[in-house]
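Data first, discussion second: the structure below is written as structure tokens.
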Amino acid sequence: MYDKRTPLALAIALAFGSTFCASPAAHAQTAQAAGDRHGGDPDSIPTVLVSASALGVLSDDMITPATTLSGAELVRVRESTLGETLGRLPGITSSHFGAGASRPVIRGMDGPRVKILADGAEVQDASTVSPDHAVAFEPLLAERIEVLRGPSALAYGGGAVGGVVNIIDRKIPTALPSKAVEGSAELRANSAAREKAGAFEMTAAAGNVAFHAEGVKRDADDYRVGKDWAEGRRVGGSYKDTETGTVGVSWIGARGYLGAAYTKERTEYGIPGHGHEFEGCHPHGDHLHCGDHEEEEEEEGHDHGHEHEEGPVPYVKLDSDRWDVRGEYRDPLAGFSKVRLRASFTDYRHDEIEGSEVATTFTSKAHDARLEMEHKPVAGWRGVIGLQTTRRDFAALGEEAYVPATLTKKHAAFVTEEYRLDAWRFEAGLRHEWQDIEVEGARERDRDARGTSLALGAVWKFAPQYSLRAAISRSHRLPAAEELYADGIHLATSTWEIGNENLAKETSNNLDITLRKFAGPTTFSVSAFHNRVDNYIYARTLDNHEGFQLVEYAQRDATFTGIEGELRQELGAGLQATLFGDYVRAKLDNGGGNIPRIPAGRIGARLDGEWQGWHGMIEAYRVATQDDVAEQESRTSGYNMLNLGTHYNTRIAGLPVQLYARLNNLTDELAYSHTSFIKAAAPLPGRNLTAGLRVTF
477 MYDKRTPLAL AIALAFGSTF CASPAAHAQT AQAAGDRHGG DPDSIPTVLV
527 SASALGVLSD DMITPATTLS GAELVRVRES TLGETLGRLP GITSSHFGAG
577 ASRPVIRGMD GPRVKILADG AEVQDASTVS PDHAVAFEPL LAERIEVLRG
627 PSALAYGGGA VGGVVNIIDR KIPTALPSKA VEGSAELRAN SAAREKAGAF
677 EMTAAAGNVA FHAEGVKRDA DDYRVGKDWA EGRRVGGSYK DTETGTVGVS
727 WIGARGYLGA AYTKERTEYG IPGHGHEFEG CHPHGDHLHC GDHEEEEEEE
777 GHDHGHEHEE GPVPYVKLDS DRWDVRGEYR DPLAGFSKVR LRASFTDYRH
827 DEIEGSEVAT TFTSKAHDAR LEMEHKPVAG WRGVIGLQTT RRDFAALGEE
877 AYVPATLTKK HAAFVTEEYR LDAWRFEAGL RHEWQDIEVE GARERDRDAR
927 GTSLALGAVW KFAPQYSLRA AISRSHRLPA AEELYADGIH LATSTWEIGN
977 ENLAKETSNN LDITLRKFAG PTTFSVSAFH NRVDNYIYAR TLDNHEGFQL
1027 VEYAQRDATF TGIEGELRQE LGAGLQATLF GDYVRAKLDN GGGNIPRIPA
1077 GRIGARLDGE WQGWHGMIEA YRVATQDDVA EQESRTSGYN MLNLGTHYNT
1127 RIAGLPVQLY ARLNNLTDEL AYSHTSFIKA AAPLPGRNLT AGLRVTF
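In this text, residue positions in the sequence shown follow this note's numbering: the first is 477, and each later residue adds one.
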């Protein structure tokens, strides 16, 4: 089905590249950014712009909350998946599907409502289709991770109702290194999964051309859970082995750069909780027919093979090839200060293997291209206009091919503008999208749809060190192919899924207010939000047989309301105390009940200390019991977590070195994640010591 003609991304790149051929030679202005990253103290983080903001503003000036992880803090908290890496930030949890797969859940929303980007270009994989599908990105290769919501997020899709996660990597150099060769190397291990991992990245230059190479290898066994779990001490099939490598090159001039990179990822991970006892289940209308019905058929001589011996846990073999093109050019035309290109092509495949047989294969060939132009102020308004196009050829083959092959084409035009007046900053965003889905199969019908999203916001620095932010938005999310056309058994989540071709677009009406104190010995940020979603798409449970559910995608108005925040207090002598917490309430309107898998509220405290080259941390938090559950959903008990951490910055042979260790779940508590489809089969890890060493050169 995939069109093998030259993708639009390549055509744009060629046109963009021709502009660079006439640009002047590079200048040493590139050295500072690279030097800040590699030559200094690992804790020394320069002030950075929020790259995921279309306007590239500082985090203090963002209309809605923007969270950034970078430097030593990112090194300390990184886990093997993106969801677990971000899962302790206020307002963010993880979908947690064992150790192999987890996506961020932002303010109770996940899947296609949370867009994941690699430096502005979509990460094209199958993770939005099902929670047992991994995000095709290795956290050890991230330089910085940004999370944002609000008007700026519209530049990346009206469907990003939950938010945008933008992973800043180093694969395409944007500045010439200050030394002949610079980079970093890291070794780490943890005890719960007996994990061993190593990573490196290095950049060199010849004239105006910079070269980059990086790689990761990770081997982890089944992880150990907290004490007193009835199933034992380790989650069977929760192992993960991965290898990722990238080579990149870019031409860097005085006014910009243009580069390309190729990334290869091979990952194998187990799918815990995957059972065969329901393979004989199938729907009759809005009911499941399993045990008794199967026995009747067998008595009539129709043997469907319902009896299975317990075998090895199924596993996924993931293979992804990705090409990226990125460029930026300053002062390209009169009236414009910058033009920016992001384009990618991904050839993705993963096989779900049971025993020695491939049960199901998922493939996705996709390209994504976006071109942005930042215009100079006009009547005081500075802004970005842009175009984006995405094409995704997706197919599922095999016994669990519950989604038909589809070709999805999306096109969008967007604009984001800002205006500053004294202590005020105003921002507005507008995006219009066109979507076309072509479906393989005579029973299905193709779908064309369009949607328009609008957001307005302001930040008011009403007093020294204080600001008040407010934003309102109205955005449209167009139904995904799996929501429209799913029809079949999905054993990983113990469901039979039925799509709904009559789904209309979602309309999200969101109000977000944030009060901040951003300087001084006491700082805080408290955000409250209210999001009413018209025609919210959800998987409605029609029937349940011993935990196996018949679900149909349906629509109903829904409301998400919540609060999140942090309060930090300097205590003197290098000590800092932090209080943090979050809560979200999500329900269907007019007595429709609760929305499933909404994270429970959290509240906690952390104490950080600095002494010479040492940093220490002790953290304790409580996750509440979640008993606001949907129909056919079980409650999840609350739990307490106690974590310790330390790192030490020193120099060995003149090179900056960071030694770090953290001990999570010190009390070895047995804990379950309410956001997980397989919470009972895969509890959270028990006591886990992670230690590592990172050298920059």
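Glycine residues also receive a C-beta, built at the ideal position from the N, C-alpha and C atoms.
Could you tell me whether the Cβ atoms of residue i and residue j are closer together than 8 Å?
i, j, result
"Glu719", "Lys693", "yes"
"Ala669", "Tyr699", "yes"
"Gly635", "Pro580", "no"
"Ser546", "Glu560", "no"
"Leu817", "Gly803", "yes"
"Arg646", "Glu690", "yes"
"Asn1020", "Gln1108", "yes"
"Ile592", "Gly638", "no"
"Gly574", "Ser667", "no"
"Asp1065", "Asp1033", "yes"
"His826", "Ala656", "no"
"Leu663", "Ile728", "no"
"Glu619", "Phe1173", "no"
"Thr998", "Gln1045", "yes"
"Phe1024", "Leu764", "yes"
Need the endpoints of the alpha helix (DSSP H) that residue i sits in, please.
i, result
"Tyr961", "Ala957 to Tyr961"
"Val551", "Gly547 to Val553"
"Leu1064", "Note, Leu1064: premise wrong, no alpha helix (DSSP H); beta strand (DSSP E) at Leu1051 to Leu1064."
"Glu560", "Leu558 to Leu562"
Restricting to Cα atoms, I'd like to know which of the options is closest to residue i.
i, options, result
"Asp1084", "Ala1053, Gly1069, Ala1076 and Glu1107", "Ala1053"
"Ala736", "Val725, Val641 and Phe870", "Val725"
"Ile539", "Thr1143, Gln1025, Phe1173 and Tyr895", "Tyr895"
"Gly576", "Arg564, Ile568, Glu555 and Gly596", "Glu555"
"Leu960", "Ala995, Ala947 and Ile1013", "Ile1013"
"Leu1140", "Arg1127, Ile1128, Gly1121 and Leu531", "The displayed chain sequence assigns Asn, not Leu, to residue 1140. Among Arg1127, Ile1128, Gly1121 and Leu531, the Cα nearest to that of Asn1140 belongs to Gly1121."
"Phe1036", "Ala594, Glu1028 and Ile1074", "Ile1074"
"Ala730", "Asn642, Asp1144 and Asp807", "Asp807"
"Glu958", "Lys993, Ala1015, Thr1166 and Thr998", "Ala1015"
"Ala995", "Ser984, Ser570, Gly1038 and Gln941", "Gln941"
"Thr1101", "Met1117, Asp586, Ser1113 and Thr866", "Ser1113"
"Asn1164", "Phe1173, Tyr1148 and Leu1118", "Leu1118"
"Gly933", "Gly1130, Ser949 and Ser943", "Ser949"
"Ala1157", "Ala962, Met849 and Val789", "Val789"
"Leu531", "Phe838, Lys852, His609 and Thr569", "Lys852"
"Phe838", "His609, Leu809, Leu1169 and Ile1039", "His609"
"Gly856", "Glu848, Arg901 and Asp797", "Arg901"
Going along the chain, which residues of its own chain have a beta-carbon closer than 6 Å to the beta-carbon of residue i, five neighbours each way excluded?
i, result
"Val1002", "Leu991 and Gly1041"
"Gln911", "Lys886, Ala925 and Leu954"
"Val640", "Ala528, Lys591, Leu624, Ala629 and Tyr632"
"Tyr745", "Gly576, Lys716 and Val792"
"Thr882", "Phe870, Ile913, Val915 and Ala957"
"Ala661", "Phe676 and Val1171"
"Glu850", "Ser813, Lys814 and Val860"
"Ile621", "Leu545 and Ile643"
Give the range of the beta strand (DSSP E) segment to which residue i is assigned.
i, result
"Gly659", "Val657 to Asn666"
"Leu847", "Glu833 to Val854"
"Gly996", "No beta strand (DSSP E) holds Gly996; DSSP gives it neither H nor E."
"Ile1074", "Element bounds for Ile1074: n/a, residue is neither H nor E."
"Thr865", "Trp857 to Gly874"
"His887", "Thr882 to Leu897"
"Gly1092", "Trp1090 to Val1099"
"Glu622", "Ala618 to Leu624"
"Thr1172", "Asn1164 to Thr1172"
"Glu677", "Glu671 to Ala682"
"Phe573", "No beta strand (DSSP E) holds Phe573; DSSP gives it neither H nor E."
Tell me which same chain residues have a C-beta within less than 7 Å of the C-beta of residue i, skipping the five on either side of it?
i, result
"Ile1079", "Gly1057, Tyr1097 and Arg1098"
"Leu1146", "Val701, Gly702, Lys703, Asp704, Trp705 and Pro1159"
"Glu785", "Because Glu785 carries a pLDDT of 37, less than 50, the predicted location of this residue cannot be relied on, and the following value inherits that uncertainty. Counting only Cβ-Cβ distances below 7 Å, and skipping sequence neighbours, we find nothing."
"Val599", "Ile592, Leu593, Val611, Ala612 and Phe613"
Give every residue of the same chain whose Cβ lies closer than 8 Å to the Cβ of residue i, excluding the five residues on either side of it in the sequence, and list them in chain order.
i, result
"His1123", "Ala548, Val551, Arg552, Trp1090, His1091, Gln1134, Leu1135, Tyr1136 and Ala1137"
"Ala498", "In this predicted model, Ala498 has a pLDDT of only 37, less than 50, meaning its place in the structure is not dependable enough to derive any value."
"Asp517", "With a pLDDT of only 37 at Asp517, under the threshold of 50, the placement of this residue in the model should not be trusted; the figure read from the coordinates follows. Same-chain partners within the cutoff: Asn1125 and Pro1132."
"Gly964", "Glu876, Ala877, Tyr878, Val879, Trp972 and Glu973"
"Arg921", "Val915 and Glu977"
"Gly777", "Any reading at Gly777 must be qualified, since the residue scores a pLDDT of 40, below 50, and its modelled position is unreliable; the value itself is stated next. Excluding sequence neighbours, Gly777 sits near nothing in its chain."
- Message: Within 8 Å, do at least three Cβ pairs link the stretch 1002-1015 to the stretch 974-992?
- Response: yes
Open item on the list: With three or more C-beta pairs closer than 8 Å as the rule, is the stretch 902-920 touching the stretch 880-892?
Closed with: yes
Checklist line | Contact the stretch 925-935 vs the stretch 961-976: 3+ CB pairs below 8 Å | finding: Result no; under three Cβ-Cβ pairs closer than 8 Å.
Next on the checklist: Does the structure place the stretch 857-870 close enough to the stretch 835-844 that three or more beta carbon pairs sit under 8 Å?
Outcome noted: Below 8 Å, enough C-beta pairs join the stretch 835-844 and the stretch 857-870 to call them touching: three or more.
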